[in-house]
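So the structure is just underneath, and the comments pick up after that.
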Amino acid sequence: MRWSTRLTQHFPCTVPLIGAPMADHSGAALAAAVCQAGGLGFIAAGHLQDNVEILETELQAFPVTQYPLCLGFIGHSVLADIAGWDRYEYILQKHRPAVVQFFAPCLVRHPVKPGVTNVTIAHDIGAKVFAQVGTLDEAVTAVQEGHVDGLMVQGGEAGGHGLRRGLAKGTLPLARSVVRRVRQWRPDLPVVAAGGVVDGAGLAAVLALGCDGAMLGTRLAATPESQGAFATTLADPAVTCDDVIRTTVLDAIQNEYSTTPWPAPYDSVGAVRNRTVREWEKGTTNNDSNDLRQALRDPVRGPAIVADYWRHKHLADFGMVHCGQGVGEIETVEPAAALIERISNEAADILRTLAQTLILPDNDDGDNDDGPPGT
Ligand SMILES: Cc1cc2nc3c(=O)[nH]c(=O)nc-3n(C[C@H](O)[C@H](O)[C@H](O)COP(=O)(O)O)c2cc1C
């Protein structure tokens, strides 16, 4: 199926779905499968300094002559120092991606070269640039100062890292505000919603908001092509939207040993509320990690907490199971290309049926036996 939105018009895809860059999850196999079905599939370059060799292996495995290479970078760590800027330029020069994405933050200025940013460097090699943003203000800055080519609007429902609770906005109001604001001066700019979309109904909903497509993270983490360890947990019918929390607890522990600790306000994840989270919620009033931070500073308790977490983090009940609030509607671990095709077809059916069933001609009595679609 071929769609026509600003996304498919300005980016090399025919279906308005993006496979999110997901560190430790989206490598060559997942990105290629998304592209095969007509979507835009990202490989996560992630933090880069820890994984240049791993990334290069994925890049060599990606069928670059068949599909557009799309690379997602994390701003705070990739461009933390001059060596990081050099690594970023090296990867871009060598692999010439068609599309580059930045997140946390999405716009970074070169520390010594005036006027040079992560975006200008990507533009210089001919790549288009997506910014993943979490607020209206960030969206406006990315467009007006960063001159990006597209926006991914991430709501607080999203899986993985994003703005802390209290700062994060719902996908629906944020996407709507961004669409209305940026179209005033960039009518052609693709805006894609990220957060909570796992099926055709979600895609149809964000298209109705005025978005040009949806970005899928959690849904694609539950595919055989994902490199993540928790696909079956995400597809477990027992895991519902009620089990998802946005929390700083898991980052507070991981930041103790990580070489790329997440800074505020991005040190928060959408994740399954598992034993680790529940444990720390007990002692806190607002589900935040203040008690945990105190405990981590304790010379005896701190190292013990970190060691225990490290030992068990591969288990779903202990580790960081990134997941968005759409997880409750995931029931199977499904091949990514078939999934993209199914979601695209579902959304098209829903949009066609909605137009036929909800809007009645003036002389219709409204007695429609078919009922609304998408249930
Ligand atoms: C497992 C996982 C890892 C993620 N890693 C990244 C990442 O490396 N870079 C990034 O920009 N976003 C990352 N995200 C966030 C996604 O880009 C996107 O905003 C989010 O998945 C959309 O919400 P959804 O999970 O409800 O589909 C990740 C999300 C998940 C679920």
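Under numbering that gives the first Met the number 0, the first residue of the sequence shown is numbered 0, with each subsequent residue one higher.
All residues carry an ideal CB built from backbone N, CA and C; glycine is no exception.
For clarity, every value in this text was computed on a predicted model and none was experimentally measured.
Going along the chain, which residues of its own chain have a beta-carbon closer than 7 Å to the beta-carbon of A234, five neighbours each way excluded? Cβ-Cβ distances below 7 Å link A234 to A221, I329, E330, T331 and V332 in the same chain, with the five nearest sequence neighbours on each side left out; the list follows chain order.
Tell me whether the region 150 to 163 and the region 190 to 210 touch, counting them as touching only if at least three CB pairs, one residue from each stretch, are closer than 8 Å. Result yes; three or more Cβ-Cβ pairs closer than 8 Å.
Beta-carbon spacing of A380, R292 below 8 Å: In the structure as shown, the chain begins at 0 and stops at 374. Residue 380 is therefore absent and cannot be evaluated.
Can I73 be considered in contact with ligand 1, in the sense that its beta carbon sits closer than 7 Å to one or more heavy atoms? At least one heavy atom of ligand 1 is nearer than 7 Å to the Cβ of I73, so yes.
Among all the DSSP beta bridges, which residues are the ones paired with D316? Its beta-bridge partners do not exist; DSSP assigns none.
Work out the CA separation of A203 and W2 for me, nearest whole Å. A straight line joining the alpha-carbon of W2 with that of A203 spans about 12 Å.
Tell me the start and end of each unbroken beta strand (DSSP E) in the region 200 to 266 that is at least 3 residues and wholly inside, in chain order. Every unbroken stretch of the beta strand (DSSP E) spanning 3 or more residues and falling wholly within the region 200 to 266 is given here in chain order: 212 to 215 and 243 to 246.
Do you know offhand how far A346's Cα is from D198's? Spanning the two alpha carbons is a distance of roughly 8 Å.
Using three-state DSSP, classify V197 as helix, strand or coil. Three-state result, V197: coil.
Cβ-heavy atom distance between R182 and ligand 1 below 7 Å? R182 Cβ: outside cutoff for every heavy atom of ligand 1.
Answer with buried or exposed for M0, where buried requires no fewer than 16 other C-beta atoms within 10 angstroms of its C-beta. Exposed, since its Cβ has fewer than 16 Cβ neighbours within 10 Å.
Can we count G195 as close to ligand 1, meaning its CB is less than 7 Å from some heavy atom? The answer is yes for G195.
Looking only at its chain, what residues have a beta carbon closer than 6 Å to the beta carbon of L162, apart from the 5 residues adjacent to it on each side? Apart from the 5 residues on each side of it in sequence, L162 sits with its Cβ closer than 6 Å to the Cβ of G133 and P264 in its chain, given in chain order.
Return yes when at least one heavy atom of ligand 1 lies under 7 Å from the C-beta of T232, else no. It does not: the Cβ of T232 is nowhere closer than 7 Å to a heavy atom of ligand 1.
Any non-hydrogen atom of ligand 1 closer than 7 Å to R218 Cβ: The closest heavy atom of ligand 1 lies less than 7 Å from the beta carbon of R218.
In its own chain, which residues sit with a C-beta less than 7 Å from the C-beta of L29, not counting the 5 before and 5 after it? Cβ within range, chain order: G18, G40, L219, T222, E224, S225 and A335.
Looking only at its own chain, which residues have a Cβ that is under 8 Å from the Cβ of R108, when we skip the five neighbours before and after it? Around R108, the same chain offers V115 and T116 as residues with beta carbons nearer than 8 Å, after the five sequence neighbours per side are excluded.
Check this for me: beta carbons of I339 and G83, under 8 Å apart or not? Against a cut-off of 8 Å, the Cβ pair of G83 and I339 comes out as no contact.
Any heavy atom of ligand 1 closer than 7 Å to the CB of A335? Every heavy atom of ligand 1 is 7 Å or more from the Cβ of A335, so no.
Can you tell me whether Q324 is buried or exposed? The criterion is at least 16 other CB atoms within 10 Å of its CB, across all chains shown. Under this definition Q324 is a buried residue.
Limits of the unbroken alpha helix (DSSP H) element including G74: Bounds of the alpha helix (DSSP H) holding G74 are G74 to V77.
Nearest by alpha-carbon distance to P15: which of R185, P189 and A294 is it? For P15, the closest C-alpha among the options R185, P189 and A294 is that of P189.
DSSP on L47, reduced to helix/strand/coil? L47 sits in coil when the DSSP states are folded into three classes, being neither helix nor strand.
Under DSSP, the beta strand (DSSP E) around G18 begins and ends at which residues? Residues L16 to G18.
K93 burial status per 10 Å Cβ neighbour count (16 or more: buried): Exposed: under 16 other Cβ atoms inside 10 Å.
Comparing the CB of P172 with every heavy atom of ligand 1, is any distance shorter than 7 Å? No; taking the cut-off as 7 Å, the Cβ of P172 has no heavy atom of ligand 1 nearer than that.
From this set, G227, P62, L295 and L135, which residue's C-alpha is nearest L249's C-alpha? Closest by alpha carbon: L295.
If you follow the beta strand (DSSP E) that H160 is part of, which residue opens it and which one closes it? Membership of H160 in the beta strand (DSSP E) is indicated by the continuous run G159 to G161.
Could you give the DSSP three-state label for R108: helix, strand or coil? In the structure shown, R108 sits in a strand (DSSP, three-state: E or B).
Is DSSP giving K93 helix, strand or coil here? Looking at K93 - three-state DSSP - the assignment turns out to be helix.
Please say whether H9 and D148 have beta carbons closer to each other than 8 Å? Yes. Within cutoff.
Considering Cα atoms alone, identify which of R351, A44, S267 and T7 is closest to F101. With respect to the C-alpha of F101, the residue from R351, A44, S267 and T7 having the closest C-alpha is A44.
Three-state secondary structure assigned by DSSP to N39: It is Leu, not Asn, that sits at residue 39 in the sequence shown. The answer is strand: DSSP assigns L39 an E or B state.
Local Cβ density within 10 Å of H313, reported as buried at 16 or more and exposed below that: The residue in question, H313, is exposed, as its Cβ has fewer than 16 Cβ neighbours within 10 Å.
CA nearest to the CA of A192, picked from V181, V205 and R185: Checking every option, the nearest Cα to that of A192 belongs to V205.
In this structure, how does DSSP classify T7 when only helix, strand and coil are distinguished? Shown here, T7 sits in a helix according to DSSP, grouped into three states.
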